[in-house]
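Numbering (my numbering), first residue to last: 16 to 564.
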């Protein structure tokens, strides 16, 4: 008796291929080579490849930021394949914690990991390969740093180029000065020592069309830099012929995958004298450092001591930009004009005025009002009330942000702990983690810009009494105090006046009008000045016409 028995072919297992190369260890061709090798392995093992995932130019130090791997894990959770094929286990991760976590989660889903060169991934193999991979990665870091340290000790560039220099072709780490850029470096230091701020210097460089080191425009941070990291034009000792390397170390945050800089102790810095690379004259860099320290020592409000009674308060009526001094006439009188016109020619109606006439117009209104003691008493009372209100509001605002930030960080810590101990799957909580991390970043940025609670400064009775005594000659008294470095005099003026907008008097040939916005006026409203002087709420017209320069 014959029987025809046909057996159905056994269904092939579904497989997914994962390939990765890192920016510093492999080339783009590596992805194609890995996939081809895995394809050959799948054919030999009679596996059906249903999908391919890859991460190009991504380090194996973390699973964060690797979209290909996250997509693979998401597909695994959906049951799209039965086996993951990789060239070697270190393609999945070179971190012990991450590789063990991936193996645990895929095993829980019933998915097998196979490495072409190592076979089926077991707990023992994963532990060994994870340890070897992490040691290999850390050893590479040490070797790279050792090589960079040797290069830095020789005075050669350990990596990267500062503005003002270029590489010498064929000579690794050797630099030379770029003449055009070195002139810009000297200009920056000269202007900074002359009293200009980094923001003003950047504005001038942009106005002159000078190309920045990166991007399309200069900005204050490019010039000012960071003292801890030693970057920025003003912070780079290379311009004085001294190379300082290894100020900071870059480490990767295991929760976010972001690189974070940490300052190294001075004894770990590598310093080399390179006089041939000096761009600045001897002593200039040190002098700029002393000037920077002096400017940074004062509080932000007093950091730039005003040179004149109304320095920093004047505004152009035509365009709203600030106004700055513009030399003196033959008689020695100081002139002011629109800064936007002086720096870029963008003001639609530039005008030039005499500073003393503007000061006289401003102070004539203030002097009239301050002669009345009840007005000053009301100023002081309202000033204190408002400062207390602002202080309370700032405390409440910062407290709210700090409480929410602490709650977000606690929640992130709980999620990380749950993933690490295996009680949660990273893919399941990934959207929530990303949302919390985004909120955490936003709260930290918000906290940085929220001002500290303002200090409630009481106006000392002696200060008020001196006001009354000096009202007869308020202009000269305040101006002399400011010129002598009396920050209390400068602060007193700025507690009364916020901005002074200057324009021509249309009713008088060559005349000038000033419109004053006062801080105390903003607190008290239009009734703050019962004498009706227009010096703070409206405008003051100077008695004498001012000449154009």
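Glycine included, C-beta positions come from ideal geometry on N, C-alpha and C. Note that the structure is predicted; figures quoted are calculated from it, not measured.
What residues match up with residue i in a beta bridge as DSSP calls it?
i           : result
residue 130 : 101 and 134
residue 278 : 263
residue 368 : 351
residue 62  : 28
residue 514 : 532
residue 241 : 246
residue 340 : 351
residue 288 : 257
residue 117 : Answer by DSSP bridge pairing: none, since residue 117 is not bridged.
residue 527 : 519
residue 34  : 69
Measuring straight from C-alpha to C-alpha, what distance separates residue i and residue j?
i           : j           : result
residue 331 : residue 364 : 9 angstroms
residue 60  : residue 128 : 14 angstroms
residue 513 : residue 327 : 9 angstroms
residue 354 : residue 198 : 25 angstroms
residue 123 : residue 49  : 26 angstroms
residue 287 : residue 108 : 38 angstroms
residue 205 : residue 419 : 46 angstroms
residue 213 : residue 519 : 32 angstroms
residue 254 : residue 246 : 12 angstroms
residue 367 : residue 531 : 18 angstroms
residue 275 : residue 265 : 5 angstroms
residue 309 : residue 414 : 32 angstroms
residue 146 : residue 194 : 51 angstroms
residue 142 : residue 135 : 13 angstroms
residue 357 : residue 155 : 55 angstroms
residue 543 : residue 211 : Below a pLDDT of 50, predicted positions are generally treated as unreliable, and residue 543, at 44, falls in that range; no measurement from the model is reported.
residue 224 : residue 528 : 35 angstroms
residue 104 : residue 139 : 12 angstroms
residue 185 : residue 258 : 21 angstroms
residue 300 : residue 216 : 17 angstroms
residue 133 : residue 52  : 13 angstroms
residue 335 : residue 523 : 22 angstroms
residue 226 : residue 176 : 16 angstroms
residue 289 : residue 151 : 35 angstroms
residue 565 : residue 196 : Residue 565 is absent from the structure shown; the chain starts at 16 and stops at 564.
residue 317 : residue 280 : Low local confidence applies: a pLDDT of 45 at residue 317 is under 50, so the model's placement there is unreliable, with the coordinate-based value given in what follows. Distance between the alpha carbons of residue 317 and residue 280: 32 angstroms.
residue 453 : residue 282 : 37 angstroms
residue 342 : residue 448 : 59 angstroms
Starting from the C-beta of residue i, find all residues in its chain whose C-beta is less than 8 angstroms away, skip the five residues before and the five after it, and write them out in chain order.
i           : result
residue 451 : 423, 426, 427 and 430
residue 416 : 458, 461, 462 and 465
residue 54  : 32 and 64
residue 456 : none
residue 200 : 178, 179, 248, 254, 294 and 295
residue 111 : 142, 145, 146, 148 and 149
residue 230 : none
residue 27  : 61, 62 and 63
Of the residues the options, which one's Cα is nearest the Cα of residue i?
i           : options               : result
residue 91  : 36, 159, 228 and 118  : 118
residue 106 : 137, 125 and 46       : 46
residue 58  : 37, 131 and 448       : 131
residue 102 : 143, 453 and 35       : 35
residue 87  : 114, 138 and 31       : 31
residue 329 : 306, 372, 293 and 303 : 372
residue 346 : 218, 135 and 369      : 369
residue 256 : 291, 226 and 283      : 291
residue 306 : 208, 528, 97 and 28   : 208
residue 9   : 222, 218 and 262      : Residue 9 cannot be examined here, being either before or after the span of the chain that is shown, 16 to 564.
residue 170 : 349, 187, 232 and 448 : 187
residue 323 : 51, 348, 225 and 125  : 348
residue 263 : 284, 249 and 251      : 284
residue 202 : 295, 302 and 521      : 295
residue 241 : 116, 277, 216 and 29  : 277
residue 73  : 158, 448, 182 and 37  : 37
residue 250 : 282, 304 and 447      : 304
residue 125 : 454, 94 and 448       : 94
Whole-angstrom Cβ separation of residue i and residue j, contact assumed at under 8 angstroms?
i           : j           : result
residue 121 : residue 99  : 7 angstroms
residue 191 : residue 180 : 7 angstroms
residue 81  : residue 70  : 4 angstroms
residue 137 : residue 96  : Not a contact, Cβ separation roughly 20 angstroms.
residue 148 : residue 114 : 7 angstroms
Please go through the same chain and pick out, in chain order, the residues whose beta-carbon is closer than 6 angstroms to the beta-carbon of residue i, but skip the five residues on each side of it.
i           : result
residue 361 : 355
residue 173 : 163, 166, 167 and 260
residue 340 : 349 and 351
residue 220 : 233
residue 68  : 33, 83, 86 and 87
Report all residues from its chain with a CB closer than 7 angstroms to the CB of residue i; omit the five preceding and five following residues, and keep chain order.
i           : result
residue 338 : 329, 330, 331, 351, 352, 353, 354 and 517
residue 325 : 373, 374, 377 and 515
residue 228 : 178 and 237
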